[in-house]
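Presented below is the structure to which this report refers.
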Amino acid sequence: MPSSTLSTLRLPRLPGFPNHYRYGSSYSTALTIASASLLTAVGILCAPAAYRDYKKYMSYGPGGPPYNVFGWLAISLLAPLQREMLDTAVYDQDVEELGEERTWLKDEDLPQRKGPRPEVGTHAAPQRQLTQTPETEIKEKLLKTFLEIQFNNQNILNIAPSNLEKHTSALFISDLAPRPNPLVTSSTRGEIAHVHGTAEHSVHVILSPVDSKKVIEAGWGQRHSLSGSTVFRKLFGKKRAMFIPNEFLLIYAPRDEEEIKVVINIVKAAVAFGAGVSTDEVI
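For the sequence shown, UniProt numbering assigns the number 1 to the initial residue and increments by one for each residue that follows.
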């Protein structure tokens, strides 16, 4: 058909569809309206799921991220960066890369944990244990014993508000420590351990690569889902942003007094690793 005929061709009006939406830019406008309507419909359908996810985030209690809808949105955006939390192959790689083959955990101080692992929240932060939570008495004894570690080791430890959790106190490797570990000083600015005192009293620690693998395999903990990610340093620069090393572990909250002893053994191993001393030197 000649082009002149095409230019003058008039097509019939489409039933139920405004004639000014049929061609050219008008058609694009119609497509935009249809797309917006579809997105609105999808949003309405997804709203209940999003609200449930937000409520779950808020159920963890205060932690590192803002304890509000903005914190939830920020953490939701980090979901694609989350990693498998029980894989220990990364520690074999770190042993080679860091040249650190030592262990600070004696076999007798780390028995196999009884029973299945507790359920842990799906959000990257705050990382929280949702099941097998201890009674108040056990929580209080754990926190008391945890704080005593700093009191008994003031030559290598300081105590201050956590850089990572904000709402709880943490143990920091002192500048007076004999050989502060660069993995700790460069990643979390010296923070080596904290108890989630506003929640279920699980614990975060930084261990050696060998001890990280031992703890996970013995059933006492798991990796942080953002461990090993350097995204914050890429966004904000090394001087401003901390990062979570592979050896940053969640230690499950103790269920009884015997488990308190094991958790404290793990914390002391973290302190010894971070301060560059033997475990026997940590009282």
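Even for Gly, the Cβ is constructed at its ideal location relative to N, Cα and C.
These numbers come from a predicted model, not from an experiment.
Spatial distance of residue 128 from residue 182 (CA atoms) | 27 Å
Based on Cα-Cα distance, which residue from 126, 64, 112 and 157 lies nearest to residue 192?
-> 157
Using the Cα positions of residue 47 and residue 68, report the straight-line distance between them to the nearest angstrom.
-> 17 Å
Inter-residue spacing [alpha-carbon to alpha-carbon] between residue 218 and residue 112 = 5 Å
For the beta strand (DSSP E) that residue 251 lies in, which residues bound it at each end?
-> 248-251
Taking DSSP as the reference, what is the three-state secondary structure of residue 152?
-> helix
Assigned secondary structure, residue 82 (DSSP; H/G/I helix, E/B strand, else coil) | coil
Which of helix, strand or coil does DSSP assign to residue 178?
-> coil
Per DSSP, residue 258 is paired with what?
-> In the DSSP output, where bridge partners are listed per residue, residue 258 has none listed.
CB residue 209 to CB residue 276, shorter than 8 Å?
-> no
Collapsed DSSP secondary structure at residue 172 in the structure displayed | strand
What distance in whole Å lies between the Cβ atoms of residue 205 and residue 110, which are believed to be in contact at a cut-off of 8 Å?
-> With a Cβ gap of about 13 Å, residue 110 and residue 205 do not count as contacting.
Residue 71: first and last residue of the uninterrupted beta strand (DSSP E) it sits in | Careful: residue 71 lies outside any beta strand (DSSP E), inside the alpha helix (DSSP H) at 69-77.
Can you tell me where the beta strand (DSSP E) with residue 206 in it begins and where it stops?
-> 203-206
Round the Cβ separation of residue 126 and residue 60 to the nearest angstrom and send it over; I've been treating them as touching at under 8 Å.
-> 5 Å
For the UniProt region "Disordered" (106-130), list the alpha helix (DSSP H) runs that are entirely contained and at least 4 residues long, ordered along the chain.
-> none
Under a three-way DSSP split, which group does residue 160 fall into?
-> strand
Look up residue 270 in the DSSP assignment and say whether it is helix, strand or coil.
-> helix
Which stretch, first to last residue, makes up the alpha helix (DSSP H) that contains residue 216?
-> 209-217
Report buried or exposed for residue 253, applying the criterion of at least 16 other Cβ atoms within 10 angstroms of its Cβ.
-> buried
Are three or more beta carbon pairs between the segment 82-96 and the segment 150-164 nearer than 8 Å?
-> no
How many angstroms separate the CA atom of residue 92 from the CA atom of residue 117?
-> 23 Å
Residue 194 bridges to which residues according to DSSP?
-> 170 and 204
Under 8 Å between the Cβ atoms of residue 187 and residue 196?
-> no
Taking the alpha-carbon positions, what's the residue 119 to residue 130 distance?
-> 5 Å
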